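Counted from 1, the sequence shown has number 341 at position 341 by the UniProt record's numbering; the numbering is strictly sequential. Glycine included, C-beta positions come from ideal geometry on N, C-alpha and C. Predicted model, so just to flag it, every value in this text is computed and none were measured.
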Amino acid sequence: MNAEILSVGTELLLGEIVDTNAAFVARELAARGVTLQRKATVGDNLERLAHMLREALSRADLVILGGGLGPTDDDLTRESIALVVGETPREDPELLSWLEGLYQSRGRHMPQINRKQAWLIPSATALPNPLGTAPGWLVRLPEGHEFAGKQVAALPGPPREMQRMFREELLPRLDLPAWAFYAVTLHTAGIGESNVAELLGELTRVANPSVATYARRSGTDVRVAASAASPAEAEALAQPVLARVRSLLERFVWAEERPGDAPASLAGSVAKLLSGRRLGIVETGSGGTLALQFAGEDALKGAAISDDHATLLTLGLTPVTLGDQGLCSEAAALELARGARDQFGAEVGLSVSACTSGEQQGQVAVALVSGGAEHSALVNWPGDAGQVRERAASAALNLAFRALKGEAPA
């Protein structure tokens, strides 16, 4: 089955809202063996929306629209579907009763404008919305229509409403293919996407199972995916290739993730490698971006974030190092890592020193001390202050992961 996503809303085109819904739907479809061909965004214009829906239906078996189900005049998803299907929307008594009851349960009177949210066309099935006032639609194009048999789904824009409706109301009603999909994503750190691709070689050119690489801020992801007639067959097809990828990238892999798993984080993997030891952090120039990665992790004993030289001198930095080598140096990072360990009474100290302005902008020093072992690295990245801070945190996490695994950090 082929699918397309249409994200509806002028606010998306203007960049006022980030479209997280399309990413969610794409992941959910992929996990069920549906091939997503295209994603597009369209503003609140009936003619353009109907045109794009027709185009999508000419290519795909399933089109999912997100947003545009509100009660105002610029919420046009229902109208566009009705126009393409060739049916007139009318108030559905059951939906109207549900809407009125919803407002009454909240001690409010339903505005007349909301009656629009009770519309249905003959080919549409209403999808209940337990978290909002906008029911969704599932439409199967009727016999005689140029797109007969194809499916159109309309989901609300708020992510919380959309995700629950997708999983609980839409999926059970969709005519999905009797085809299984198996995928594992390997998260790596300390190696760039081009280097990963070089290591994988011919594996990235195979169709099923497929091996694909994706550059992330924290490193490079590698997804191994296979499809077959049953889940067991899909997994069996993927396993030999997955084993080969694991072998090639073993030094760099910090986590594996499957569809439906809780999101993994490099900081979480570092916390596991600490094996009960506590971590102290000192940051300068990075604005707390490193410590924030450990929010909620019991491994973090304490963190100090300061750009003030006098404060840093109380955290282990020496005047000689500051004067001779500068703040963004490996020597300074090592002194601050020792200070992080000692100041917080931790077993492991981690530091980051980032230059976000001036002649050294983009230079970052990171260090980790644990027992008698000390590790440090100096990296340089172009970019604005925000990008340097994010990359500084990634560099520190990568150093910590590799060092705690007992390897020489790259």
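Within the same chain, and ignoring the five residues on either side of residue 162 in sequence, the residues whose Cβ sits closer than 7 Å to its Cβ are 21, 66, 155 and 156.
The C-alpha of residue 382 lies about 47 Å from the C-alpha of residue 137. Closest in alpha carbon position to residue 27, among 258, 245, 317 and 93, is 258. Each residue's CA atom was taken as its position, placing residue 251 and residue 374 some 19 Å apart. Going by DSSP, residue 208 is part of no beta strand (DSSP E) at all; its letter is neither H nor E. The secondary-structure analysis by DSSP pairs residue 147 with nothing; it has no beta-bridge partner.
Between residue 281 and residue 292, the C-beta spacing is not below 8 Å. Counting along the chain, residue 405 sits inside no alpha helix (DSSP H), nor does DSSP assign it H or E at all. By the C-beta density criterion, residue 304 is buried, having at least 16 other C-beta atoms within 10 angstroms. Given a length threshold of 4 residues, each whole run of the alpha helix (DSSP H) inside the segment 78 to 125 is given here in chain order: 93 to 105. For residue 294, there is no enclosing alpha helix (DSSP H), as DSSP marks it with neither H nor E.
The residue from 184, 31, 235 and 46 with its alpha-carbon nearest to that of residue 75 is 46.
Collapsing the DSSP output to three states places residue 129 in coil.
Counting of Cβ neighbours within 10 angstroms places residue 25 among the buried residues, the total reaching 16 or more. Counting only runs of 4+ residues, the alpha helix (DSSP H) found wholly inside the segment 42 to 69 occupies 46 to 59, in chain order.
Counting only unbroken stretches of 4 or more residues, the alpha helix (DSSP H) elements lying wholly within the segment 244 to 308 are 266 to 273 and 289 to 293, in sequence order. Annotation for residue 340: the continuous alpha helix (DSSP H) segment containing it runs 330 to 343. Taking one beta carbon from each stretch, the segment 180 to 200 and the segment 253 to 269 have 3 or more pairs nearer than 8 Å; the two touch.
Classified as buried, residue 68 has 16 or more neighbouring CB atoms from the shown chains inside 10 Å of its CB.
If you draw a 10 Å sphere on the C-beta of residue 4, you find 16 or more other C-beta atoms in it, and that means buried. In this structure, the CA atom of residue 192 is about 21 Å from the CA atom of residue 386.
When DSSP states are grouped into helix, strand and coil, residue 224 belongs to the strand group. Under the Cβ criterion (8 Å, minimum of three pairs), the segment 29 to 39 does not count as touching the segment 114 to 129. The beta carbons of residue 279 and residue 365 sit no closer together than 8 Å. DSSP places residue 323 in no beta strand (DSSP E) but in the uninterrupted alpha helix (DSSP H) bounded by 319 to 324.
Looking at the DSSP output, residue 2 sits in a beta bridge with 35.
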